[in-house]
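No gaps in the numbering here: position 171 of the sequence shown is 171 in this note's numbering, and each next residue is one more.
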Amino acid sequence: PTGLMLVQLAWLLALPAFSGIDEIPHAYRAYGVAHGQWQLTDESPNGTGELVDVPAGLVAAAHEQCSLLARNDPAVCAPVADRGRGLVAVGTAAGSYNPAFYWFTGTAARFWHGTAALYAMRVSAALACLLLVGVAFVCVAAARRPGLAWLALVAGLTPTLLYSSVLVAPNGLEMAAGVASWAVLLTLFSRSGFAVSRRAETRLVVAGAVGCSLLAGIRLLGPVWLLAIA
């Protein structure tokens, strides 16, 4: 877990603000959910998503990076309407996603503004992913022959997962939940290879329920991955 945290820190420092894959519309969505916009109804002018109300400072901070990404909807890079009280309407393609992730990351940034708000969201997402992967490490430590289990876990921590774990997007949390779910289920049902007490088993059931729920509910393909793991 310490090594994973150091890799996450390296990505946080190396990755310019708002330059992560699809990070801008997800950051807008996170702010919106944290401030009560759980369901978006107004469509973006280009029909590529919905409109969400965010601070003008957040849009201004993201504008330079957004302009470099030619595939972004213009409504994402510049305000569509002025909502008053420092808020503007911009486009986001994340309106149909489960709002739970966005509430968590957006709430962590409630007291920050502009670029600082994005980094607060990144840190909260990274810590959530780190916690889930930490659950997987605890499970692997219970193996009677941990060598192969450690190898499988390390192989599962792919560069894509490590990179995605620091982005303001649900992809990283979905991957981390998949790692945790796999490790917990393997520990619970592979009695010949793992040794856990009754008390630890109860904790694993709770951790497994959380991991599997996140995996199944955070994105549309989650149930497919959970079925594959099972």
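Beta carbons: idealized from backbone N, C-alpha and C, even for Gly.
Under 8 Å between C-beta atoms of residue i and residue j
i: T202; j: A142; result: no
i: V224; j: A207; result: no
i: S44; j: A75; result: yes
i: S181; j: C139; result: no
i: V162; j: I218; result: In the sequence on display, residue 162 carries Leu and not Val. Against a cut-off of 8 Å, the Cβ pair of I218 and L162 comes out as no contact.
i: Q65; j: D53; result: no
i: M121; j: A108; result: yes
i: M5; j: L130; result: yes
i: A61; j: T115; result: yes
i: L51; j: G91; result: yes
i: L204; j: A216; result: no
i: A117; j: L58; result: yes
i: A177; j: L221; result: no
i: A89; j: A81; result: yes
i: A126; j: H26; result: no
i: S164; j: Q8; result: no
i: Y119; j: P170; result: no
Identity of the residues DSSP links to residue i by a beta bridge
i: L51; result: G91
i: E43; result: E50
Boundaries (first-last residue) of the beta strand (DSSP E) holding residue i
i: G86; result: Counting along the chain, G86 falls outside any beta strand (DSSP E), and DSSP gives it neither H nor E.
Delimiting residues of the alpha helix (DSSP H) encompassing residue i
i: G114; result: G114 to A141
i: Y163; result: P159 to S164
i: L186; result: P170 to F189
i: Y28; result: E23 to A34
i: S213; result: R198 to G217
i: L221; result: Element bounds for L221: n/a, residue is neither H nor E.
i: L68; result: A56 to L68
Under the three-state DSSP convention, the category residue i falls into
i: S17; result: Rather than Ser, the amino acid found at residue 17 in this sequence is Ala. A17 falls in the coil class under three-state DSSP.
i: A81; result: strand
i: A230; result: coil
i: A109; result: coil
i: P1; result: coil
i: W38; result: coil
i: Y97; result: coil
i: L167; result: coil
Short CB-CB distance (under 8 Å) between residue i and chain C
i: P45; result: Within the model displayed, chain C is absent; a lone protein chain is all it includes.
Contact test: residue i Cβ vs the ligand COA heavy atom, cutoff 7 Å
i: S165; result: For the ligand COA, the structure offers nothing, since it holds no ligand at all.
ask   = Is there contact here, the segment 37-56 with the segment 4-23, by at least three beta-carbon pairs under 8 Å?
value = Contact between the segment 37-56 and the segment 4-23 is absent, because fewer than three Cβ pairs lie under 8 Å.
query = Is it a yes or a no for the segment 93-104 touching the segment 29-36, going by three-plus beta-carbon pairs under 8 Å?
reply = Flag = yes, the segment 93-104 and the segment 29-36 touch.
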